[in-house]
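Everything in the sequence shown is counted per numbering that gives the first Met the number 0, starting at 0 for the first residue and increasing by one.
To keep things clear, I will list the structure first and then write my remarks on it.
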Amino acid sequence: MISNSKGIMVALLPSHLPRPFLGVVEVRRSRAAAAAAPISTASTSAALPDLKKWGARLCSKSLNLAFTGALALGFALGGNLPPSLLWIPPFLHFIGKGSLTKRSVCAGVGIADAKVGVNRPEMLPKEFSPVIDVAGFLSASQERQLCQEIADLEKDTGVKLRILAQNYPETPGAAVKEFWKVDDQTIVFVADPTFGNMLHFNVGASVDLDVPRSFWSRVAGKYGNMFYWKEKGEDASIEAAVVAISSCLRESTGPSNCLEVN
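Given below as structure tokens:
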């Protein structure tokens, strides 16, 4: 054994050793030199950007996939996606297209196999009603109570709440827009469990100015999630959401209104 200029012990091997044995010795010698050499901070830090770039590429691809799906659905439905919404369920698309409403809010996210929007006026009731339950979620007494609450709310606040309970594609769809005369003072509340979260809202421009935008997603998150309506029923989810909306709209307008979902 001798020490070279770097202080590493090197064995003097006989020249008659077979070549495979020499190869093993060379490998071990290289590993020993690598272990003895100081760790370069530059080499370790150089690996981190690659990891960050990989994560960024992964996130970018995921977002691109979601956004591409949203655009494809929007174009298939024959309309433009509003800038405030990434994805519009097909049963809400008719309201935002060509109407005075400013903003759509939905909590259910998924992919709908929809080529065209639904417009079935034959599914509308013969007489006007602020509640249309084509899915059969509500009993007759529950529907009457909701109609009374909606009438009182409109009298007190001027806001017109309209409820459509459906299972897409079994819905009157675009026909309710004319039936309800949807305008800036109208909230169209669509209860549909097809896409997971069953609470979806289209908020008129005038209402949108007074109610924090986060309120609608909080209502949907609390009462529209799949665990809630599967345990308590679709009717309970609808009733709880109406109570929360009514309570919010009756509060004084200000920076702290509608902060809590009752």
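Note that beta-carbon positions come from the ideal geometry of N, C-alpha and C, so glycine has one too.
All values reported here derive from a predicted model rather than from experimental measurement.
Is the separation between the beta-carbon of residue i and that of residue j shorter than 7 angstroms?
i    : j    : result
Y222 : A240 : yes
T193 : K159 : no
F188 : I162 : yes
V133 : M122 : yes
M197 : A204 : no
S260 : R217 : One point to set straight first is that residue 260 is Val, not Ser, in the sequence displayed. Yes, the Cβ-Cβ distance between V260 and R217 is below 7 angstroms.
A174 : N118 : yes
F127 : D234 : no
C257 : V210 : yes
L145 : S245 : no
W179 : F200 : no
Counting only beta-carbon atoms, is residue i nearer than 7 angstroms to chain B?
i    : result
D132 : In summary, chain B is missing from the structure at hand, where a single protein chain is found.
Determine the burial state of residue i: buried for a count of at least 16 other Cβ atoms within 10 Å of its Cβ, exposed for fewer.
i    : result
G157 : exposed
P254 : exposed
T170 : buried
G116 : buried
A139 : exposed
G176 : A quick correction: the sequence has Lys, not Gly, at residue 176. Buried, since its Cβ has 16 or more Cβ neighbours within 10 Å.
S236 : buried
G232 : exposed
G172 : buried
L208 : exposed
E230 : exposed
Where DSSP assigns a beta bridge to residue i, which residues make up the other side?
i    : result
A190 : A164 and L198
N118 : G172
What did DSSP end up calling residue i once you bin it into helix, strand or coil?
i    : result
E169 : strand
I244 : helix
K125 : coil
K262 : For the chain, the structure presents residues 0 to 261; residue 262 sits outside this window and is missing.
D183 : coil
V175 : helix
V210 : coil
V260 : coil
L99  : Residue placement at L99 is poorly supported in this model, since its pLDDT is 39, which falls under 50; the coordinates are not used for a value here.
V133 : coil
G203 : coil
S236 : helix
S140 : helix
E250 : coil
S216 : helix
A45  : Here A45 scores only 44 on pLDDT, less than 50, and its place in the model should not be relied on; the value that follows carries that caveat. Three-state DSSP puts A45 in a helix.
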